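> Line by line, the protein sequences give chains A and B. Per our numbering, the very first residue in the first sequence carries number 20; after that it's consecutive. Per our numbering, the very first residue in the second sequence carries number 20; after that it's consecutive. Even glycine gets a Cβ: it sits at the ideal position worked out from N, Cα and C. Please read all numbers here as calculations on a predicted model, not as lab measurements.
Number of protein chains: 2
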Amino acid sequence: MTRKDNSVNIESRRGYHHGDLRGALIAIGLEMLDAMPAEAISLRAMARRAGVSATAVYRHFPNRQALLAALAREGMERLGGLQRAASAAAGGGGPGLAASGRTYVRFAVDNPALFRLAFASAPATALLDLPLDEAGSAMRGLREAIAELLPPALPPAARRDAALHAWSLVHGLAMLILDGQVGYDPAEVDRVIRATLPGSAAG
Amino acid sequence: MTRKDNSVNIESRRGYHHGDLRGALIAIGLEMLDAMPAEAISLRAMARRAGVSATAVYRHFPNRQALLAALAREGMERLGGLQRAASAAAGGGGPGLAASGRTYVRFAVDNPALFRLAFASAPATALLDLPLDEAGSAMRGLREAIAELLPPALPPAARRDAALHAWSLVHGLAMLILDGQVGYDPAEVDRVIRATLPGSAAG
DNA sequence: CCCCCATGTTTACAGCGACAACATGACTCG
DNA sequence: CGAGTCATGTTGTCGCTGTAAACATGGGGG
Chain A
20 MTRKDNSVNI ESRRGYHHGD LRGALIAIGL EMLDAMPAEA ISLRAMARRA
70 GVSATAVYRH FPNRQALLAA LAREGMERLG GLQRAASAAA GGGGPGLAAS
120 GRTYVRFAVD NPALFRLAFA SAPATALLDL PLDEAGSAMR GLREAIAELL
170 PPALPPAARR DAALHAWSLV HGLAMLILDG QVGYDPAEVD RVIRATLPGS
220 AAG
Chain B
20 MTRKDNSVNI ESRRGYHHGD LRGALIAIGL EMLDAMPAEA ISLRAMARRA
70 GVSATAVYRH FPNRQALLAA LAREGMERLG GLQRAASAAA GGGGPGLAAS
120 GRTYVRFAVD NPALFRLAFA SAPATALLDL PLDEAGSAMR GLREAIAELL
170 PPALPPAARR DAALHAWSLV HGLAMLILDG QVGYDPAEVD RVIRATLPGS
220 AAG
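1. What does B:E194 touch in chain A if you count any residue whose Cβ is under 8 Å from its own?
2. Quick one, which residues of the segment 199 to 216 of chain B are near chain A if we go by CB-CB under 8 Å, in chain order?
3. I need the straight-line Cα distance from A:L216 to B:A181, nearest angstrom please.
4. Looking at the structure shown, is A:H79 part of a helix, part of a strand, or coil, going by DSSP?
5. For chain A, find out if any of its Cβ atoms is closer than 9 Å to the Cβ of B:E96; answer yes or no.
6. Hey, B:L192 and A:S119 are a contact pair by Cβ (cut 8 Å); roughly how many whole angstroms apart?
7. Got a sec, what are the start and stop residues for the alpha helix (DSSP H) B:A193 sits in?
8. Could you tell me whether the Cβ atoms of A:V71 and A:V124 are closer together than 9 Å?
9. Can you give me the Cβ contacts of A:V211 inside the same chain, cut-off strictly under 6 Å, excluding the 5 residues immediately before and after it?
10. To be precise: take each residue of the segment 55 to 82 of chain A, compare its Cβ to all Cβ atoms of chain B, and keep it if any distance is under 7 Å. Which residues remain?
11. When burial is assigned at 16 or more other CB atoms within 10 Å of the CB, is A:L149 buried or exposed?
12. Contact criterion: CB-CB distance below 9 Å. Does B:L87 meet it with respect to chain A?
13. Would you mind listing the alpha helix (DSSP H) stretches within the segment 67 to 145 of chain A that are 4+ residues and don't spill past its ends, in chain order?
14. Note the first and the last residue of the continuous alpha helix (DSSP H) segment covering B:I60.
15. Could you round the C-beta distance between B:L62 and B:A73 to whole angstroms and report it? I think they count as a contact, below 8 Å.
16. Going by C-alpha to C-alpha distance, which of B:G199, B:Q200, B:A214 sits closest to B:A206?
17. Which residue wins for smallest C-alpha separation from B:A166, given the options B:R135, B:F134, B:N130, B:L116?
18. Whose CA, out of A:G199, A:T122, A:R41, A:R67, lies closest to the CA of A:H79?
19. Say whether chain B places a C-beta atom closer than 9 Å to the C-beta of A:D39.
20. Could you work out which residues of chain B lie near A:S119, taking near to mean beta carbons separated by less than 9 Å?
21. For the alpha helix (DSSP H) containing A:L52, list its first residue and its last residue.
22. Quick check: is the beta carbon of B:A141 nearer than 9 Å to any beta carbon in chain A?
23. Identify whether A:R213 lies in helix, strand or coil by the three-state DSSP scheme.
24. Helix, strand or coil: which one does DSSP assign to A:E167?
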């Protein structure tokens, strides 16, 4: 998916001058996020890698933050996709929810900079309060798994609480691990997640 | 506590040249953290406020990060103190643990920049794995409340799981709120925290 | 065919963290 | 009491950053 060219695209040139600079910058940014935190990525470094002057970036993004926001969106989408896939692969229901949670933490561990960025510069729209089909792809997996798991008769407020509960737990786990406050032990993560499934705790 | 002088201290001069520059910088940093995130605080701005040249800071901190780390430590200590106080005021036990958790989230909401900084540049020592009396003051409150609440017969691993569970939940809640992913509703926070108390969920 | 405008470049500026060389003044010791 | 040392603070500088303004260019639509 991410071609490895550091210079300008040649084949996929659908743009005008050079190539798809916007896309190239995003690919470069994601690549750099594998090696360093977002705050260490300079606009100029990305431009350099793209083989382009620093100010060319401003033709595609109003400022550095906007570029990072684009990377953040990509991160959210990847996370959401993995969660949905994991939930489906586990057959949905309780196992699906647990799998979705494990995937959430795993993603954070595997892509710390991207995970951090995804939330740090996320749009301030409260994902939990959006209707499911607009809730970005980020929380779709978790919320769908929870919705499926809860007794349909439950009032919406209880559903919301359950979703918040599950989300907070995995998010807290992820952040504490990333910040080095606790070690990453998959078995432990799994235990803690299972203990929180709706049904073990009252909604 | 934080005197409001922007120039050099006069009365509390226990230092040599000007005053207690190190202390002044920390006070200034905490003040600035009330108004902006840590990454927006420049070493030069702090020096300016202290009425001192930029490089004077390097006499007291090896670099900017070290100064921020000092602020982070202060944040951790404040948070820990508040938690212990809240737990004690609630009479310990289950109510104490819930109070400690509520205080954790509240602190984050009230001091977003300081809270973030406290974890972002925390020493990478896994607080949860330290003996209680060395565990900094950060997690003391939570862990003491949990220890008190759990049946003494429980094996240490179960205690650890319970602590991690509680900590993850409140930390996740706090971060999601700070990142604007969910709104801050004290009642909701309280509900979610109560649902996680050891005893509602199996350890 | 030509011109327009999206895309990219050059130049410039202020602010940043950090290093090296220098100044100063408070405390110590003879 | 006088000298000198060393912690503390200053000046000057460097390379880097984000970003604004003015200029260049070339591909596609009139």
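Inspection of the coordinates gives the following:
1. Residue 194 of chain B is actually Met in this sequence, not Glu. Those within 8 Å of B:M194 in chain A are F138, H190, G191, M194.
2. Identification of residues in the segment 199 to 216 of chain B having a C-beta nearer than 8 Å to some C-beta of chain A yields G199, Q200, V201, G202, E207, R210, V211, A214, T215, given in sequence order.
3. So the two alpha carbons sit approximately 15 Å from each other.
4. coil
5. no
6. Wrong, their Cβ atoms sit about 19 Å apart, outside the cutoff.
7. Looking at the DSSP string, the run of the alpha helix (DSSP H) that includes B:A193 is 175 to 197.
8. no
9. none
10. E58
11. Classification of A:L149: exposed, given that the 10 Å Cβ count is below 16.
12. no
13. You should have 83 to 108, 112 to 129, 131 to 139.
14. Where B:I60 is concerned, there is no enclosing alpha helix (DSSP H), given that its DSSP letter is neither H nor E.
15. 6 Å
16. B:A214
17. B:L116
18. The option with the nearest alpha carbon to A:H79 is A:R41.
19. no
20. Contact annotation for A:S119 against chain B: no contact, minimum CB-CB distance about 15 Å [criterion: below 9 Å].
21. From DSSP, the alpha helix (DSSP H) with A:L52 extends over 40 to 52.
22. yes
23. helix
24. helix
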